[in-house]
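Residue numbers for the sequence shown follow UniProt numbering, so the first one is 1 and each next one is one higher.
Here a beta-carbon is modelled for each residue, glycine too, at the ideal position from N, C-alpha and C.
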Amino acid sequence: MKSYRVRIWKISTKKTGGRPHMVRWVVEDKVFSELFTTWELADSFRADLKRAAQNGEAFDTETGMPDSKARAQNAMTWYAHVCDYVDTRWSKVSGRQRISIAETLAAVTPLLVRDRRGAPDARVLRSALYQWAFNKQHRDSDKPEDIAEALQWIAKASVPVTELADYDRITSALDGCARKLDGTAASAGYYSRRRRVLFNVLRYAVFKKRLAKNPLSEELDWKPPEAEVCEEIDPSVVASPEQVQELLTAVSYAGWRRGDRLVAFFACMYYAMMRPSEVAALRLGDCTLPEKGWGQLILSGSAPTVGSKWTDNGQAHEQRGLKGRPRKAKRVIPIPPQLVSVLRDHIRRHGVAQDGRLFRTERGGTLYKSGYVRTWKTARALALPPALAASRLAKRPYDLRHAGVSLRLNAGVPATQVAQWAGHSVEVLLKIYAKCIYGQDHVWHTMLDGALGGTSSQRIDSDR
């Protein structure tokens, strides 16, 4: 039964008890009450009741709740909604995207709760969400007791998805996207990826009629915290051609079993500007390797490492197309004689896998990141002087790709052409990769001297 006869009393407070603040109200002749831990929570609840009464909403005589609160209480929770979203998207996205979705939702979901009474340890809850709740293949598998209890708690404490329309709720979710585990601000790129995931989750809620509109479709008076991270490549990590050659030589004896097999792997990242996942998928049929002169690579796929929990076949790697391109797209890269020679030597010494892959483990498996990173770390210590070895110069294998892109830009190759070879948009290329090669300032000095007609001292002498 519904009634419009409602009276709301003032908040009363007891001196003892865990929830000392009480809100009392009357519907028809029946008294209802709710207890709260803080006066602010009680006041907020009382304000909601008053607003509903002023708006002419009917109150239920059995529960005492106005229609708006009854709808909210019966609405699907945020936790249930995002689990549904994960299941819907699972078969449509790659392993990397599955990880990105799970990571974002594990950061946001703990913030969207009614209260934190009985909350589990933050690390346990995050692990429970990331490893189980937001992994469709493992959600129903056996769980440790603390993980199961954490998921039971979040299922009960999660707010209705309709509350994401409130400013405080949506900005709390955005704050979760914008911060790392230690509470510091995340980089702009990291925040953007998470925000895209959140936007899509909310768009799905609108599509399923669980939310009236997407709150992120409108301009919000909120800005992410500024991170002390530059999205551009630090010039100090970019090695010169001479330094790259020293590093590749050191790789050949950085481990008697693995090192020699990885020289061409790292050379592809530098001379062909390839991503590690693209090099791992390179096959003999993709290569044109003449005895002399320039060669060519035609890339059509990649083999990123995502972990066996996130792939459909239980393998650590998945076979994907090129990053940011349609599945059957190809990328043609001209390669210099130096890389042609290295690849021909690699094939002569190590052969190819049965499926034509150039790079593999001794047992024929796909290369793991942990293995080639260890080899690179050893090679840096062998190739570089102590001061440079302690610096950020070529610290990661991926820095070879940065060096390869920067080399071409500094050599005067048009950005549009370099972007096509590297598999980037021109905008991203100029924003991220257009950096000077370490120790190459003299190249620019020579070019400027030529443009100025000689050095300043020479011009002064000629004036005399």
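- In the structure shown, the three-state DSSP call for Phe59 is strand.
- DSSP places Ser100 within a helical segment (H, G or I) once states are collapsed to three.
- The beta-carbon separation of Cys177 and Thr288, rounded to 45 Å, does not stay under the 8 Å limit for a contact.
- Taken through DSSP and simplified to helix, strand or coil, Lys30 comes out as strand.
- Unbroken alpha helix (DSSP H) runs of no fewer than 4 residues, entirely contained in the stretch 356-410, are found at 369-383, 386-389, 399-410, following chain order.
- Around the Cβ of Asp286, a 10 Å sphere holds 16 or more other Cβ atoms; the residue is buried.
- The C-beta separation of Val27 from Arg5 comes to about 7 Å, placing the pair in contact by the 8 Å criterion.
- With respect to the 8 Å criterion, Val306 and Ile101 are not classified as neighbours on the basis of their beta carbons.
- CA-CA distance, Leu367 to Leu429, rounds to 28 Å.
- Of all alpha-carbon atoms in Ala106, Asp175, Asp48, the one lying nearest the alpha-carbon of Ser127 is that of Ala106.
- For Thr37, the secondary structure class from DSSP, reduced to helix, strand or coil, is coil.
- Burial is judged here by how many other beta carbons sit within 10 angstroms of a residue's own beta carbon; Ala42 has at least 16 and is buried.
- The beta-bridge partner set that DSSP reports for Arg283 consists of Arg357.
- A contact between stretches requires three or more CB pairs, one per stretch, nearer than 8 Å, and the stretch 162-171 fails this requirement with the stretch 119-137.
- Val237 carries a helical assignment under DSSP once its states are collapsed to helix, strand and coil.
- Each residue's CA atom was taken as its position, placing Leu129 and Lys431 some 35 Å apart.
- For the 8 Å CB-CB criterion, Phe359 and Ala250 do not form a contact.
- The C-beta distance from Leu211 to Ala173 rounds to 13 Å, too long to fall under 8 Å, and the pair is not in contact.
- DSSP, read as helix, strand or coil, puts His21 in strand.
- Inter-residue distance for Gly321 and Ala58 is about 56 Å (C-alpha atoms, whole angstroms).
- Taken in chain order, the complete alpha helix (DSSP H) segments of 4 or more residues contained in the stretch 260-334 are 276-280.
- The count of Cβ pairs closer than 8 Å, one atom from the stretch 216-226 and one from the stretch 361-378, stays below three, leaving the stretches out of contact.
- Three or more Cβ pairs closer than 8 Å define a contact, and the stretch 417-428 meets that threshold against the stretch 323-333.
- Pro397 is the residue among Pro397, Gln354, Arg392 whose C-alpha sits nearest the C-alpha of Thr375.
- Within its own chain, the residues whose Cβ lies closer than 8 Å to the Cβ of Thr61, once the five positions on either side in sequence are excluded, are Met1, Lys2, Ser3, Val27, Glu28, Lys30, listed in chain order.
- In this structure, Val237 sits near Lys395, with a CB-CB distance shorter than 8 Å.
- One thing to note: Ala272 has its Cβ no nearer than 8 Å to the Cβ of Leu248.
- Contact between Arg283 and Gly351 fails: their C-beta atoms lie close to 13 Å from each other, not under 8 Å.
- Unbroken beta strand (DSSP E) stretches of 3 residues or longer found wholly inside the stretch 106-163: none.
- Annotation for Arg203: the continuous alpha helix (DSSP H) segment containing it runs 188-207.
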